Structures are given as C-alpha cells and as structure tokens.
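**Student:**
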Amino acid sequence: LISKMLVRTILEGSTVVMKAVNTNSEKQLRKAISIAPRGKRAAMIQDLLTIRADRDTYYYGCDELFARHPDIVKRLIADAEHLLPVLLDGLIWRSRVPVKGKRRVNYFVKHLMVDEAGDF
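Numbering (my numbering), first residue to last: 11 to 130.
(1) Assign MET123 to buried or exposed, taking buried as 16 or more other Cβ atoms, counted over all protein chains shown, within 10 Å of its Cβ.
(2) Between which two residues does the alpha helix (DSSP H) carrying ASN32 extend?
(3) Give a yes or no on whether the C-beta atoms belonging to LEU86 and LEU75 are separated by under 8 Å.
(4) Could you tell me which of ALA52, HIS121, PHE118 and THR67 sits nearest to SER13, measuring between CA atoms?
(5) Compute the Euclidean distance between the alpha carbons of ASP125 and LYS84, then round it to the nearest angstrom.
(6) Measure the alpha-carbon distance for ARG62 versus ARG113 and round it to whole angstroms.
(7) Let's test the definition: count the other Cβ atoms within 10 Å of the Cβ of GLY71 and tell me whether it reaches 16, buried, or not, exposed.
This is the structure in structure tokens:
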C-alpha cells in the first residue's frame, strides 16, 4: 500500500527535478536544473518543499531533499545564491488561519542545525 502511494505521488505532478531527486542521482539533478530556465529554478525548489496531502497522508520533500543532497545549502551559496531565500522560505509552514490575530508557524530547521549523524 505504501509503495503504491509513493509511486502515485512521484508520478502525479512530478517535475523533472523531483524525479531526479527521487532517483538519487546528482547527474540527473544537474541535468534537470541545467535545462530549466534560471527563472524557473526557484519554482522547482518551491515544488520540492511544498506540503501536499491526500486522503492518506501528508507529503513534504524536505527530509528527502536533505538526505540526498546534504550539501544543498553550501551549493546554493556557492553557485546560486539568489535561490537561498527560496529554499529557506520553503522550510517554513504558516497557518492560513489566524487565531486572535496570531498565525501559527512551523520552522523545519533540523537539517540546518544537525548533521547526518544527529550531532550539532
């Protein structure tokens, strides 16, 4: 059941970049990004970090992105600094419903604070 959900999630609405991330191939990711116009690269990062849901579960590509590309922040700083705010914005979830004038926010910063071994 889980594998069917994952396959359906990958196939439905996947961008070239998302497919490259799922294959765990740096070469395919570089190719996918290189053929995309520079203006659309930000949209690809937004797509990877968009929280989606269906009847069964939520989907969020943050853990997978950092698991496959743990150096993404360093690479963006070195090669595409203008995409760093897009990445960081994708690590924030904001409730669309304010309560008493305040809006709930979740910050997904685990991958920015700890390494793959879980150390600071």
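All C-beta atoms, glycine included, are put in the ideal place defined by N, C-alpha and C.
Treat the numbers as computed from the prediction; the structure is a model and nothing was measured.
**Tutor:** So, to answer that:
(1) Here residue 123 refers to the residue found at position 113 of the sequence shown. By the neighbour-count definition (other C-beta atoms within 10 Å, threshold 16), MET123 is an exposed residue.
(2) Looking up residue 32 in the sequence shown gives position 22. Element bounds for ASN32: 26-33.
(3) Position 76 of the sequence shown, counting from 1, holds the residue named residue 86. Position 65 of the sequence shown, counting from 1, holds the residue named residue 75. LEU75 is positioned such that its CB atom lies no closer than 8 Å to that of LEU86.
(4) The count along the sequence shown starts at 1 and reaches residue 13 at position 3. The shortest Cα separation from SER13 among ALA52, HIS121, PHE118 and THR67 belongs to THR67.
(5) Here residue 125 is taken as the residue at index 115 of the sequence shown, counted from 1. Here residue 84 is taken as the residue at index 74 of the sequence shown, counted from 1. Rounded to the nearest angstrom, the two C-alpha atoms are 13 Å apart.
(6) Along the sequence shown, one-based indexing puts residue 62 at 52. Along the sequence shown, one-based indexing puts residue 113 at 103. Here the alpha carbon of ARG62 sits roughly 20 Å from the alpha carbon of ARG113.
(7) The residue labelled residue 71 in the question sits at position 61 within the sequence shown. Here GLY71 is buried. Its C-beta has 16 or more other C-beta atoms within 10 Å.
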